[in-house]
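Enquirer:
There are 2 protein chains.
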Amino acid sequence: MINSAQLTILRSYARKPNPPVDLPESILFDHSDKTLTIFDTYPKSIFHFLILPRISAYTGDGYTERDLTSLRTLLKGGQEKAGRVIRDLEEAAKVCVAQVEEEMVARYKFKWDIWVGFHPVPSMEHIHLHVISADMVSSSMKNKKHYNSFIPKGDFFLTLKDVSEWLEAQPSFFRKMAELKSSEYEPRLKAELACFHENCYELFKTMPQLKAHLQEEWDKRMAREKAKRERLEKLKRKSGSKKAASPSASGTTADNSQASTSTLTAEDLVELEGSQKKRRKTDESDVE
Amino acid sequence: MINSAQLTILRSYARKPNPPVDLPESILFDHSDKTLTIFDTYPKSIFHFLILPRISAYTGDGYTERDLTSLRTLLKGGQEKAGRVIRDLEEAAKVCVAQVEEEMVARYKFKWDIWVGFHPVPSMEHIHLHVISADMVSSSMKNKKHYNSFIPKGDFFLTLKDVSEWLEAQPSFFRKMAELKSSEYEPRLKAELACFHENCYELFKTMPQLKAHLQEEWDKRMAREKAKRERLEKLKRKSGSKKAASPSASGTTADNSQASTSTLTAEDLVELEGSQKKRRKTDESDVE
DNA sequence: TATTCCGATAGTGAC
DNA sequence: GTCACTATCGGAATGAG
């Protein structure tokens with residue numbers, strides 16, 4: 001079988017010994033004994049990471065490289081065997097999500113949704129779990145397939161939550177879902193372009209139009225969050241608090257984006273929003 | 001009905017009074033009381049002209065502008081009425097063909113086929129007869145529709161000869177052919193790309209490939225003709241003739257092309273080829 | 001569903 | 001089947017000692 005380096009690059013990362021010293025910082029974001037977390041080379045949102053199971057962590061445990069080729073090959077091994085890998089990826093994803101949220105607050109002073117899931121029909125070999133922020137604002141998000149492959153309501157993106165449920169379900173249901181037939185999933189990528197934002201779902205005929213709209217949605221969201229912070233700051237001043245502003249850290253953003261400036265620190269915000277949450281007993285929309 | 005200037009530009013030419021003094025030389029090539037011969041703005045071959053019936057020449061004779069909108073509307077008027085216009089266009093086409101052949105010899109020192117015919121489904125309003133040299137070598141020949149719309153064997157291009165035969169045929173046959181249904185003709189423009197040259201008919205997957213091949217065919221044809229001239233010149237020297245070379249005229253070429261140089265004049269060539277034809281009793285391929 | 005390159009295909013707007 | 005512009009769609013190559 002002839003494969004270009006590009007299609008097997010993830011496997012080459014997954015083969016690295018522990019610690020993966022020869023993986024540059026521009027690729028490797030984090031790692032554990034069992035997983036690697038890497039920056040997606042072509043991020044489709046502001047934050048976009050891939051979690052990979054490390055081959056050496058599983059080959060001593062009854063798995064082959066082939067088992068780890070894709071979600072489909074992994075699920076073929078059965079619920080128990082697949083479940084162990086999926087749970088390891090889930091654990092790494094939780095860490096990654098927490099890191100991304102921390103960086104969201106550091107850079108943008110608010111958190112927003114993060115989608116975690118698999119592609120049923122991947123192009124690159126070696127199973128990879130996507131951790132991607134719910135904005136779809138990125139210069140690498142270029143075509144309909146890119147977009148439709150990440151929208152949870154597009155029926156292509158398989159959330160980790162869904163896959164985890166299959167693993168706990170009746171074997172007959174699991175086997176049905178584990179088929180992951182490309183003939184079933186591929187057509188879904190050709191669906192019309194619909195904005196994924198709640199209370200919008202507007203349709204677009206072209207990618208440039210959709211992208212302009214997504215940028216607008218993102219700009220509006222930032223403006224709303226800024227206004228919210230300013231209301232909170234005002235409230236805080238009234239209540240007599242006296243903390244000063246401080247610069248934020250950096251390191252996880254996978255695409256260039258402009259954070260709005262503010263005189264509130266991340267810590268102030270989290271503190272204030274947390275207290276407000278308790279007071280108002282309402283849902284926050286920043287975490288799925 | 002809303003039409004852009006581009007779609008009705010031919011009608012605006014056809015409305016010009018006699019003589020059409022305000023039509024620039026870059027557009028008007030020739031005219032008679034009944035017709036205009038204009039350069040095709042986007043020539044699909046080295047030579048490409050359009051023959052138009054002039055509106056004032058027919059409106060006093062029972063025709064409306066609408067009758068002259070297209071071949072289809074003209075034929076709707078019946079065989080006799082359509083025939084008069086077609087014969088006028090034919091007469092102008094004969095003059096045009098002679099002029100083009102003269103210019104072929106002046107510039108390229110040989111003649112090649114000239115196709116004369118209509119498009120059954122035109123885009124521009126006002127009936128126009130195409131007079132186009134059989135080379136399809138032009139920077140304006142850009143897509144499959146352009147190409148397939150002029151190849152006589154492509155079943156789209158209606159030669160003047162064919163249309164003239166309809167006019168003399170049984171009314172039932174005439175009426176059938178006069179329908180010119182776009183649903184019948186349009187699909188023919190999507191046919192595969194086949195070289196139109198006799199003894200070739202090679203298929204091509206892309207326009208750049210076809211165009212490269214057509215350029216090659218043209219270059220080879222020019223080389224063959226040059227070799228032929230040189231053989232003739234040698235023959236002529238042996239027979240003791242002593243005519244000198246002279247430069248050629250210009251004015252009809254509708255696209256930039258490079259003529260091969262030669263020391264033979266057009267007159268020499270025609271004279272020699274004529275005499276050779278008689279001697280060898282073989283076909284020449286330069287004139288149909 | 002890796003990207004990139006090339007080219008075909010499709011829709012639009014033109015005054 | 002007018003053109004020119006934009007964007008989509010569709011295939012093929014992609015590495016490399």
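Here the protein sequences come in this chain order: A and B.
For the first sequence, the positions run 1 to 288 when the numbering used here is used.
For the second sequence, the positions run 1 to 288 when the numbering used here is used.
Backbone N, C-alpha and C define an ideal beta-carbon position, used for all residues, glycine too.
Helix, strand or coil: how does DSSP classify Leu23 of chain A here?
Expert: coil
Enquirer: By DSSP, does His48 of chain A sit in helix, in strand, or in coil?
Expert: Reduced to three states, the DSSP call for His48 of chain A is strand.
Enquirer: Counting pairs of beta carbons, one from the segment 43-59 of chain A and one from the segment 121-141 of chain A, are three or more of them closer than 8 Å?
Expert: yes
Enquirer: Which residues in the same chain have their Cβ closer than 6 Å to the Cβ of Ser260 of chain A, if we skip the five residues on either side of it in sequence?
Expert: Because the pLDDT of Ser260 of chain A is 40, which lies under 50, any placement of that residue in the model is unreliable, and the question is left without a value.
Enquirer: Look at the alpha carbon of Ile151 of chain A and the alpha carbon of Met141 of chain A, and state the distance between them as a whole number of angstroms.
Expert: 12 Å
Enquirer: Cα-Cα, which of B:Arg66, B:Glu125, B:Glu103 and B:Gly62 is closest to Ala5 of chain B?
Expert: B:Glu125
Enquirer: How long is the line joining the alpha carbons of Thr317 of chain B and Arg66 of chain B, rounded to whole angstroms?
Expert: The first residue shown for chain B is 1 and the last is 288, placing residue 317 of chain B beyond what the model contains.
Enquirer: Opposite Pro323 of chain B in the DSSP bridges: which residues?
Expert: Coverage of chain B is limited to positions 1 through 288, which leaves residue 323 of chain B absent and any answer about it impossible.
Enquirer: Within 8 Å, do at least three Cβ pairs link the segment 64-82 of chain A to the segment 20-34 of chain A?
Expert: With the cut-off at 8 Å, the segment 20-34 of chain A and the segment 64-82 of chain A do not touch.
Enquirer: If you count every other CB in all the chains shown that lies within 10 Å of the CB of Lys94 of chain B, and 16 or more means buried, which is it?
Expert: Residue environment for Lys94 of chain B: exposed (fewer than 16 other C-beta atoms within 10 angstroms of its C-beta).
Enquirer: To which residues of the same chain is Asp135 of chain A closer than 6 Å at the C-beta, ignoring the five residues directly before and after it?
Expert: Ser45, Ile46 and Trp218
Enquirer: With a threshold of 16 other CB atoms inside 10 Å of the CB of Pro122 of chain B, please say whether the residue is buried or exposed.
Expert: buried
Enquirer: Just to confirm, are Ser149 of chain B and Pro43 of chain B a CB contact at a threshold of 8 Å?
Expert: no
Enquirer: With distance defined between alpha-carbon atoms, name the residue in A:Glu202, A:Gly62 and A:Asp155 nearest to Glu186 of chain A.
Expert: A:Asp155
Enquirer: Measure the CB-CB distance between Lys190 of chain B and Lys153 of chain B and report whether it falls below 8 Å.
Expert: no
Enquirer: What number of angstroms, rounded off, separates the C-alpha of Leu180 of chain A from the C-alpha of Pro171 of chain A?
Expert: 15 Å
Enquirer: Tell me whether the beta-carbon of Val85 of chain A lies closer than 8 Å to the beta-carbon of Phe118 of chain A.
Expert: no
Enquirer: From B:Leu68, B:Glu192, B:Ile27 and B:Val100, pick the residue whose C-alpha is nearest to that of Lys205 of chain B; which is it?
Expert: B:Glu192
Enquirer: Tell me the DSSP secondary structure of Ala74 of chain B in three-state form.
Expert: This sequence places Leu at residue 74 of chain B; Ala is not what is there. It is helical.
Enquirer: If I measure Cβ to Cβ from Arg11 of chain B and keep anything under 6 Å in the same chain, skipping five residues before and after, which residues do I get?
Expert: Glu125 and His126
Enquirer: Roughly how far, in whole angstroms, is the beta-carbon of Arg15 of chain B from the beta-carbon of Leu36 of chain B, given that I think they are within contact range, below 8 Å?
Expert: That pair is no contact at about 10 Å.
Enquirer: Measuring alpha carbon to alpha carbon, tell me which residue in A:Cys200, A:Arg229 and A:Val97 is nearest Glu216 of chain A.
Expert: Out of A:Cys200, A:Arg229 and A:Val97, A:Cys200 has the C-alpha closest to the C-alpha of Glu216 of chain A.
Enquirer: Using a Cβ-Cβ cut-off of 6 Å (strictly less than) and excluding sequence neighbours within five positions of Phe196 of chain B, which residues of its own chain qualify?
Expert: Ile151
Enquirer: May I have the straight-line CA-CA distance separating Pro17 of chain A from Leu68 of chain A, to the nearest angstrom?
Expert: 17 Å
Enquirer: Kindly list the residues whose CB is nearer than 6 Å to the CB of Ser70 of chain B, restricted to its own chain and excluding five residues on each side of it in sequence; keep chain order.
Expert: Answer for Ser70 of chain B: Pro122 and Ile127, listed in chain order.
Enquirer: Ile27 of chain B: buried (16+ other C-beta within 10 angstroms of its C-beta) or exposed?
Expert: Looking at its Cβ environment, which holds fewer than 16 other Cβ atoms inside 10 Å, Ile27 of chain B is exposed.
Enquirer: Helix, strand or coil: which one does DSSP assign to Ala254 of chain B?
Expert: Here Ala254 of chain B scores only 48 on pLDDT, less than 50, and its place in the model should not be relied on; the value that follows carries that caveat. Coil.
Enquirer: Helix, strand or coil: which one does DSSP assign to Trp115 of chain A?
Expert: Residue state, collapsed to three classes: strand.
Enquirer: Apply the 10 Å Cβ neighbour rule to Ser133 of chain B and answer buried if 16 or more other Cβ atoms are within range, or exposed otherwise.
Expert: buried
Enquirer: Among A:Ala57, A:Glu168, A:Val97 and A:Tyr147, which has the Cα closest to the Cα of Gln209 of chain A?
Expert: A:Tyr147
Enquirer: Looking only at C-alpha atoms, which of A:Glu101, A:Val97 and A:Leu167 sits nearest to Lys81 of chain A?
Expert: A:Leu167
Enquirer: Terminal residues of the continuous alpha helix (DSSP H) containing Ile132 of chain A?
Expert: Premise fails: Ile132 of chain A lies in the beta strand (DSSP E), Leu129 to Ser133, not in any alpha helix (DSSP H).
Enquirer: For Thr41 of chain B, tell me which candidate among B:Phe110, B:Gly62 and B:Ile9 has the shortest Cα-Cα distance.
Expert: B:Ile9
Enquirer: Note the first and the last residue of the continuous alpha helix (DSSP H) segment covering His213 of chain B.
Expert: Met207 to Lys238
Enquirer: Give me the Cα-Cα distance between Glu233 of chain B and Thr159 of chain B, rounded to the nearest whole angstrom.
Expert: So the alpha carbons of these two residues sit roughly 37 Å apart.
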